[in-house]
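Visitor: Next up is a structure, given as structure tokens.
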Amino acid sequence: MTGTTTLASVHAAPRVRRARRRTPWIDRIAYGTVLVLLLLAVVGPLIAPHDPYSVDLGQALRAPSGEHLLGTDGLGRDVLSRALAGTRASILGALMAVAGAALIGILVASIATIGGRWVDDIVMRFCDITLSLPVMVMALGVAVALGPSLRSAVIAMVVAWWPGFARIARAEMRTVITSPYVEAARVLGAGRWRLMTRHVLPNSLDGVYVQATLEIGGATLIMAGLSFVGAGAQPPSAEWGAMVETGSRYLTSAWWISVVPGLLITLTALAFALTGDSLRTRNHPDAALS
Amino acid sequence: MSRTKGLDIVSLNTEVPVPAPGERVTPRPVLEVSDLRVSYPTVAGPVEIVSGFDLTVAKGERVALVGESGSGKSVTARALLRLDHRATVSGRILLDGTDLLTLSGAEMRARRGRRIGLMLQDPMTTLNPVRTIGSQVMEALRVHGVGRAEARRRSVETLDMLGIPDAARRMRSYPHEFSGGMRQRVCLAMAIVAHPDLLIADEPTTALDVRVQEQVLSLIDSLVDEIGMGVVLITHDLGLVAGFADRVSVMYAGRGVERGPVRELYRTPRHPYTAGLLASVPRVDRDGALAPIAGSPAQPASRPGGCAFHPRCARAESDCATVLPEPRRIGAADVACHHPLTAAEEGPR
Amino acid sequence: MSPSLLARYLGRRLALLVTTLWGVVTIVFLLIKAIPGDEAQAAAGVTATPAQVEVVRQRLGLDESIVQQYLAYLGRLLHGDLGTSIFTFQPVLGDLQQLIPYTIELVGLAMVINLTCGVPLGVWAAARHRTRVDNSVRLAAIFCGALPTFWLAMIAQTLIGRKLGAVPISGVSTLGVEVPRRTGFVTVDSLLAGDLTAFSDALAHLVLPAAVLAIPFMSFVIRVVRGSMITALEADHVTAARAKGARERTVLLQHGLRNAIAPVSTLIGLQVGWMMGGAVMVETVFSRPGFGSYLTQAVAHKDTFAVIGMVLVVGVIVTFVGLAVDLVQLAADPRVRLLETRRASA
Ligand SMILES: Nc1ncnc2c1ncn2[C@@H]1O[C@H](COP(=O)(O)OP(=O)(O)OP(=O)(O)O)[C@@H](O)[C@H]1O
Ligand SMILES: [Mg+2]
């Protein structure tokens, strides 16, 4: 490609190669689970044995059986089918929220990095304030403003979460932009824009990726929580948090309605958290887990 | 150095060293280390960092332990106090006749600080940044059951003796309020405040400028005279050793290669490595160019067979690569070399 | 730190506090303005006639320019006017004053549980770094962080409350054992009334929700304590302490945990705010009155002023907690003191 690109590859930030350790079995299970969940998010609704929305009051509150592997809910809908269908809403919702937050975060961090001290100060102060507000409360504020729906839950989480990514991205950009190879490119006359897009951005996003993986688990939890308190996906839509809420009335009589989606939320959050943690340990062995 | 031969070495150790003319007569040993082996687990399996090392320190004696960077001096120091639970330590470490390696954790703890004081290598990191100087010096007494007031009194006394001005007030200071030299003194104070029988000082002077270096050394020196403790001074600076130590032990790649009285060792080094080290130190009594030893130091993980020094040794013959040389008594020194320099040969060049 | 420097530091910190509060208020104001739909209509209620809406619009100054509205908003806030709830028809501030003690009690006990379990576990894992204990604690921590609070609350309520009957399943006190309200904190009020039955009743209502709320937060505490302890324990001063003959306990607490106070207290400060977010779900499940259940109701009734007012209140609480954390660090860590002294004298 262009001369600058060559320069970047010559002076590329030295990536420390570590002695390859075997991936622990627990991490492999986590990777596998994440893949399966992502796959289900795509094909889940297609392989559902029943229509997740078809109401059949005659079949209501059936315990798990051959016909309904995970039983039925209060309206006679198949819990397995709803859980599968819910994979899309819950996981894709979380993915979109994290992707949106990460994108805005990177954008803001870039502005702070090229914008000079004042811009940087103001932007980061703003991030700190937003960060200290609980996501749940912020998101409720946004959700009430936009009217409760899955879409507003996603928007709410983007609004509440981008500052976290902005902080991480900015910290890394700071390190990269002061490193010798960017200095070299600067000396060769690369402009701010070019420096940013060709040198700083490609070399400072590792931390953001890892953080994003970690946050997908958390995002699933918060999305489900928002639906649960009525600020996210609305009934009758098949979404795990909303499903837990519908089942709460039957917890003593038909536990499966709430327990199944609850376990799925836990599994998703756990798989992404373990994967993110594993990625981070690979990036920095012995890094403080914070 | 094989296990079975270890016995010989012990008997060799317990032999009272023949006092050379002008050498002070050394009383019974505080510390007798024989066949010390220390290994650490690594990703590629355990690595024996220290591989059969002997050392004897008598009461009131100053012994220097010298060797290049990475030769295992600090590992030895930590192993003597059994400080690192990841390390596997074997051999014998006799402190006043008791083998430290047979002690329980509590018995060992009672001896740390109280019987053996250790001064770690880096004064900048040896002090806890969030605690006061005073609390850290006092800690060395408090953990051995000394009351608060008594501990404070003795700590102030020690800091005072080590030349910290206004010690009573400075007890309340934090490490960052002290200069490097002052911190070094505080570290020394922590190591000696409980009046141990033995002080192990790991490169107590590296980070310091020459003037402070001399001050710290003379402090240690006067302590030896005052409280009669034995000292192991770890360093890679042979220039420092000449004016300070009674005896010297030279370490290469985790093994002792030569030990003996300091004058003897300087005058007639027997081991080619010792000779090489001396040749690379500027000396007033000899002119000529400095000659650093060729090649790079052996790494413990990839220690050459036979004598670990043979790839860098000009006198190496075929047996050096295959047979591990046992220490032999030559004159007043113990030398582990198949082809030692003789007194007639001019050693350091 | 000398008194004059300390005064200067406090002055600077208070200035920062004011800026932060102003930032929170501005964010909240922008949030209101970003809301699509007619605020006047919302404030007047859905049943209001167009004429009534116009009256409300003028009263709230919504017909003025945005800058004037902003200034008017700031002015109202300075008088403690957070607006009126369209659901309870009460001033939001009054509602909150009534309800927030319940939430503070919940968050307070949750924080106690969080720290008394999380800190020792983190210390234990760090002390056994790279062993099976360490690994198990780490995994347990990750697992705790993956549990959805609302679901955990439901399950715990059903199993421990309903099935075992170990604790009451809802509310803040049993009907009939109420004590006169003085501070609003049920536990404190019952103690003030000298009524131990009421006190243990209040605790029984509190303990399960608080435990549930604490669990996901323990996950962070364990990991941060573990991480910063591992870093701290690698330092030479730890070896030095062992060389003095210190017990492992002393080493861990005096040279490990003591040095980890700064990162851990930062986390605790942040968690106070986050816990108020978690309380939203826990209070809903356990039908406890409080900040969270008020907020869910407000969301359900599209009670904009109530929601906005509460975001603001949380912001204020979080800001003051941040100040407290900074002061703790200033007292505990001479390095922070040094940094601040340099800044103050710069
Ligand atoms: N915990 C450990 N695990 C594995 N290897 C170690 C460990 N500590 C030290 N080593 C290795 O032991 C060797 C000797 O280290 P040591 O610190 O004792 O050297 P030294 O003689 O004190 O050198 P210096 O003069 O630089 O202080 C080095 O190769 C080092 O890599
Ligand atoms: Mg060393």
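Protein chains in written order, with our numbering: chain A, 416 to 705; chain B, 6 to 354; chain C, 930 to 1275.
Glycine included, each C-beta is placed from N, C-alpha and C at the ideal position.
Along the chain, where does the alpha helix (DSSP H) containing residue 1119 (chain C) start, and where does it finish?
Guide: 1115 to 1121
Visitor: Among the candidates B:304, B:68, B:141, B:51, whose CA atom is the shortest distance from the CA of residue 37 (chain B)?
Guide: Ranked by Cα distance from residue 37 (chain B), the options B:304, B:68, B:141, B:51 are led by B:68.
Visitor: Residues of chain C with CB under 7 Å from residue 51 (chain B), in chain order?
Guide: Here the premise fails: no neighbours, minimum Cβ distance about 15 Å.
Visitor: Shorter than 7 Å, the distance from the beta carbon of residue 606 (chain A) to the closest heavy atom of ligand 1, or not?
Guide: no
Visitor: In chain B, which residues lie with their C-beta within 8 Å of the C-beta of residue 1055 (chain C)?
Guide: Scanning chain B for C-beta atoms nearer than 8 Å to the C-beta of residue 1055 (chain C) yields nothing, as the closest lies near 14 Å away.
Visitor: Does any C-beta atom of chain A lie closer than 8 Å to the C-beta of residue 1013 (chain C)?
Guide: no
Visitor: Compare the beta carbon distance of residue 1263 (chain C) and residue 1207 (chain C) with 8 Å and say whether it is the shorter of the two.
Guide: no
Visitor: When DSSP labels each residue in this structure, what does residue 36 (chain B) get in the three-state scheme?
Guide: strand
Visitor: Report the rounded CA-to-CA distance for residue 580 (chain A) versus residue 519 (chain A), giving the unit in angstroms.
Guide: 8 Å
Visitor: Based on Cα-Cα distance, which residue from C:946, C:936, C:1235, C:1162 lies nearest to residue 1252 (chain C)?
Guide: C:946
Visitor: According to DSSP, simplified to helix, strand and coil, what is residue 509 (chain A)?
Guide: In the structure shown, residue 509 (chain A) sits in a helix (DSSP, three-state: H, G or I).
Visitor: Is there a C-beta anywhere in chain A that falls below 8 Å from the one on residue 1210 (chain C)?
Guide: yes
Visitor: Beta-carbon of residue 1062 (chain C) versus every beta-carbon of chain A: anything under 8 Å?
Guide: no
Visitor: Quick check: residue 1116 (chain C) and residue 1128 (chain C), are their CB atoms within less than 8 Å of each other?
Guide: yes
Visitor: So does residue 79 (chain B) have its beta carbon nearer than 7 Å to some heavy atom of ligand 2?
Guide: yes
Visitor: In the DSSP output, what is residue 58 (chain B) paired with across the bridge?
Guide: B:41.
Visitor: Can you list, in chain order, the residues of its chain with a C-beta nearer than 6 Å to that of residue 971 (chain C)? Leave out the 5 residues immediately preceding and following it.
Guide: 1233
Visitor: From the DSSP output, in three-state form, read off residue 1107 (chain C) for me.
Guide: coil
Visitor: What do you reckon, are the CB atoms on residue 239 (chain B) and residue 341 (chain B) nearer than 8 Å?
Guide: no
Visitor: At which residue ranges does the segment 99 to 159 of chain B contain complete beta strand (DSSP E) runs of 3 or more residues, listed in the order of the chain?
Guide: Within the segment 99 to 159 of chain B, the complete beta strand (DSSP E) segments of 3 residues or longer fall at 121 to 124, listed in chain order.
Visitor: With a CB to CB cut of under 6 Å and the five nearest residues on each side skipped, what residues in its chain are close to residue 932 (chain C)?
Guide: none
Visitor: Taking Cβ to Cβ, would you say residue 1218 (chain C) is nearer than 8 Å to residue 1101 (chain C)?
Guide: yes
Visitor: Does the CB of residue 1173 (chain C) have a neighbour CB from chain A at under 8 Å?
Guide: no
Visitor: Evaluate residue 194 (chain B) with the Cβ neighbour count: other Cβ atoms within 10 Å of its Cβ, from every protein chain shown; 16 or more gives buried, anything less gives exposed.
Guide: buried
Visitor: Could you name each continuous alpha helix (DSSP H) segment of 4 residues or more that falls completely within the segment 488 to 561 of chain A, going from the start of the chain to the end?
Guide: Complete alpha helix (DSSP H) runs here, min 4: 494 to 502, 508 to 529, 532 to 547, 550 to 561.
Visitor: Relative to the alpha-carbon of residue 1085 (chain C), which residue among A:667, A:483, A:494, A:479 has its alpha-carbon at the smallest distance?
Guide: Distances from the alpha-carbon of residue 1085 (chain C) to those of A:667, A:483, A:494, A:479 put A:667 closest.
Visitor: Starting from the beta carbon of residue 1166 (chain C), find every residue of chain B whose beta carbon is closer than 7 Å, and list them in chain order.
Guide: 130, 131, 132, 133
Visitor: Applying the criterion that 16 or more other CB atoms from any shown protein chain within 10 Å of the CB defines a buried residue, is residue 968 (chain C) buried or exposed?
Guide: buried
Visitor: Closer than 7 Å, Cβ to any Cβ of chain B: which residues of the segment 1137 to 1162 of chain C, in chain order?
Guide: none
Visitor: Please go through the same chain and pick out, in chain order, the residues whose beta-carbon is closer than 8 Å to the beta-carbon of residue 453 (chain A), but skip the five residues on each side of it.
Guide: 506
Visitor: Cβ of residue 207 (chain B) versus every heavy atom of ligand 2: is any distance shorter than 7 Å?
Guide: yes
Visitor: If you run the structure through DSSP and keep just helix, strand and coil, what is residue 663 (chain A)?
Guide: helix
Visitor: Looking at the secondary structure, which residues open and close the beta strand (DSSP E) in which residue 70 (chain B) lies?
Guide: Taken as a continuous stretch (DSSP letters only), the beta strand (DSSP E) holding residue 70 (chain B) covers 67 to 71.
Visitor: Could you compute how far the alpha carbon of residue 672 (chain A) sits from the alpha carbon of residue 1243 (chain C)?
Guide: The alpha-carbon atoms of residue 672 (chain A) and residue 1243 (chain C) are separated by roughly 34 Å.
Visitor: Of all the residues that make up the segment 533 to 557 of chain A, which are near chain C by a beta-carbon distance shorter than 9 Å?
Guide: Sequence-ordered contacts of the segment 533 to 557 of chain A with chain C read 540, 541, 543, 544, 545, 546, 547, 548, 549, 550, 551, 552, 553, 554, 555, 556, 557 [C-beta pairs closer than 9 Å].
Visitor: Given a threshold of 16 other Cβ atoms within 10 Å of its Cβ, counted over all protein chains shown, does residue 692 (chain A) qualify as buried or as exposed?
Guide: A residue is called buried once 16 or more other Cβ atoms fall within 10 Å of its Cβ, and residue 692 (chain A) is buried on that count.
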